[in-house]
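Numbering (our numbering), first residue to last: 15 to 195. Ideal Cβ positions, reconstructed from N, Cα and C, are used throughout, including at glycine.
Okay, structure coming up:
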């Protein structure tokens, strides 16, 4: 028969060998499982990165297209403003110039010569027509005002479009975040 010492020694050796074997096999299993999980995360991250890059490229293309449309619209608006200015100049010439509707004709009376105040010449203008310089100044001023209004309208349109893009991008980001939770 076997003695107790040998049996106990065999049990201890078997336990140690069993523990080492199971530790090795469990470690391999855990390593393989973690490696597979990390690879899956890398694949998922690569897919999300690719999708984000595609969205960024699409957004960049939309912004470029919008920019081109605004440039074309701006050039067309500039042409319209130039056309309006030339039409206004032509009308001002044909109709005898611009007039001041609030101007009142002078009384045309003479001031006594012994007066110390400055007198108005007797042959002064009695009409309400503006000088050529004043007319040109006002026409250019109106064109500049129209240009500023057109620029503000273009900026407003641009901001609305960019806001829509940002809102859409934010919504798609929320969808991605919701899918990863």
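Quick one: what does DSSP say residue 117 is sitting in, helix, strand or coil?
-> coil
Decide if residue 39 is buried, meaning its Cβ has at least 16 other Cβ atoms within 10 Å, or exposed.
-> exposed
At what residues does the alpha helix (DSSP H) containing residue 35 begin and finish?
-> 18-108
Exposed unless 16 or more other CB atoms sit within 10 angstroms - verdict on residue 112 = buried
Could you name the residues of the same chain whose beta carbon sits closer than 8 Å to that of residue 152, not counting the 5 residues immediately before and after it, in chain order?
-> 112, 144
Residue 143 - partner residues in DSSP beta bridges | 113
Give me the Cα-Cα distance between residue 26 and residue 46, rounded to the nearest whole angstrom.
-> 30 Å
Roughly how many angstroms separate the alpha carbons of residue 103 and residue 167, rounded to a whole number?
-> 25 Å
Cβ-based neighbour list, residue 76, same chain, cut-off 8 Å, excluding 5 preceding and 5 following | 179
Cβ pair residue 164, residue 88 closer than 9 Å | yes
Would you report the Cα separation of residue 110 and residue 148, rounded to the nearest angstrom?
-> 13 Å
Within the same chain, show all residues whose beta-carbon is closer than 8 Å to that of residue 95, passing over the 5 residues directly before and after it, in chain order.
-> 157, 160, 161, 164
Work out the CA separation of residue 44 and residue 245 for me, nearest whole Å.
-> A question about residue 245 goes unanswered here, because the residues of the chain that appear run from 15 up to 195.
Pairwise C-alpha distance: residue 50 and residue 74 | 36 Å
Beta-carbon separation (whole angstroms), residue 115 vs residue 146, contact threshold 8 Å | Contact flag wrong, Cβ pair sits at about 18 Å.
Backbone CA spacing between residue 30 and residue 22 [nearest angstrom] | 12 Å
Residue from 117, 99, 177, 184 whose Cα sits closest to the Cα of residue 155 | 99
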